[in-house]
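Colleague:
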Amino acid sequence: MFSKKMRTRGLAASVAVLALGLAACSSGGDGDDNSTDGGDSGSENIKVGFSQLGAESGWRTANTESVKASLTAENGIDLTFVDAQQKQENQIKALRDFIDQGVDVIAFSPVVETGWDEVLQEIKDAEIPVVLVDRTVDTTVEDPYVTWIGADFKQEGTTAGEWVKENAPDAKIFELQGTLGSGAQVDREEGFDAVVGAENIVGKASGNFTRAEGKAAMEAALQAYPDMTLVFAHNDDMGLGAIEAIEAAGKVPGKDIQIVTVDGVRDGLQALKDGKFNYVVECNPVFGDQILDAIKKVDAGEDVPKETIVVDQAFDQTITQETIDGRKY
Ligand code: AHR
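Residues -28 to -1, 1 to 301 in mature numbering (1 follows the signal peptide of the UniProt record, and there is no 0) are what the sequence shown spells out, letter by letter.
1. If I follow the unbroken alpha helix (DSSP H) through Ile263, where does it start and stop?
2. Cα-Cα, which of Thr233, Asn47, Ala193, Glu185 is closest to Asn250?
3. Does the ligand AHR have even one heavy atom less than 7 angstroms from the beta-carbon of Arg183?
4. With the cut-off set at 8 angstroms, would you say Leu202 and Gln230 are in Cβ contact?
5. Between the alpha carbons of Val270 and Ser29, how many angstroms are there, rounded?
6. Any heavy atom of the ligand ATP closer than 7 angstroms to the Cβ of Arg299?
7. Beta-carbon within less than 6 angstroms of Asp89's beta-carbon, same chain only, minus the 5 sequence neighbours each way: which residues are those?
8. Grouping DSSP H, G and I as helix and E and B as strand, with all else coil, what is Ile296?
9. Go ahead and label Val224 buried or exposed: buried means 16 or more other beta carbons lie within 10 angstroms of its beta carbon, across all protein chains shown.
10. Distance, Cα to Cα, Thr290 vs Lys245?
11. Would you report the Cα separation of Leu152 and Glu85, rounded to the nearest angstrom?
12. If we ignore side chains and look at the alpha-carbon of each, how far apart do Asp69 and Tyr117 end up?
13. Taking 8 angstroms as the CB-CB limit, is Thr182 close to chain B?
14. Which complete alpha helix (DSSP H) runs does the region 50 to 134 hold, if anything under 4 residues is left out?
Structural data, given as structure tokens:
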């Protein structure tokens, strides 16, 4: 098994960093949208099978839109896109279907880190290169992917923790976790907890990165941890669900209970501007063009960096409406 370090760093021949040029103002529902854009058209286009993990959040919707806008026939791609509805078994089935279809390149965003050994070996045996997108894998298969493009989740958690340490050092923290076992949950939690210290965290529960489950987890937490003063939600959608639960309990989000989140989707940043969120660490989903570029190079056998990190920023309540309205998602 790769160590954590090896999983995200050790295999790297080099690391590319993408600055996506979004404005910063501080320091720092599941669908079944399976589609084929071209399929086996007999063209010279690159046949790509893309397994998206779901449609659980505003972030995911924006990421899917970006992927579909870039991986088009006009751009030389015949895309088969499959939404796994946050179920690993659906993703594994899609990956096996891609092998059977004889695609040129497989791209996928794994819902959780483990459980991919068998299918990754099958892909390797079929000699189909893998472009890993967004989340990471933890596998015994050697060199399981050619290149990975995504955010530094641990750094996102660290950035959130540093804001809490500086602005709410005595906070009693409830952590609203993303999908348990996903790279985004594991690494954000590791980064955050290391900065704020375990003794300041009163409880944790998963909201599976969705608004509805975030709200339900928060309702239970308000009963279980009545002394909490701050929520760290691993994404905006769960934080937005937490707002509903806090208001229903007669408390004021952003004041009685502060909320720190990750993503920076428009609804989240609006909640920040409205004083209901206190700090948002960005996780930028718009990197379809970088995926396209990687797929073309991988298909052509050109050198690609082992990792490409999408750079994030962070926002506090000084964010302007102009900044929010100017964003792409
Ligand atoms: O993997 C990225 C995370 O997945 C986003 O932060 C979250 O909104 C999504 O569900």
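Yeah, the Cβ is synthetic: ideal placement off N, Cα and C, and Gly gets one too.
Modeller: In brief:
1. 260 to 271
2. Thr233
3. no
4. yes
5. 29 angstroms
6. The ligand ATP is not part of this structure, which contains only the ligand AHR.
7. Thr111, Thr112, Val113
8. helix
9. The residue is exposed, with fewer than 16 neighbouring Cβ atoms inside 10 Å.
10. Cα to Cα, Thr290 sits roughly 7 angstroms from Lys245.
11. Each residue's alpha carbon lies about 10 angstroms from the other.
12. Cα atoms of Asp69 and Tyr117: separation of roughly 18 angstroms, rounded to the nearest angstrom.
13. In the displayed structure, chain B is absent; only one protein chain is listed.
14. 60 to 73, 89 to 97
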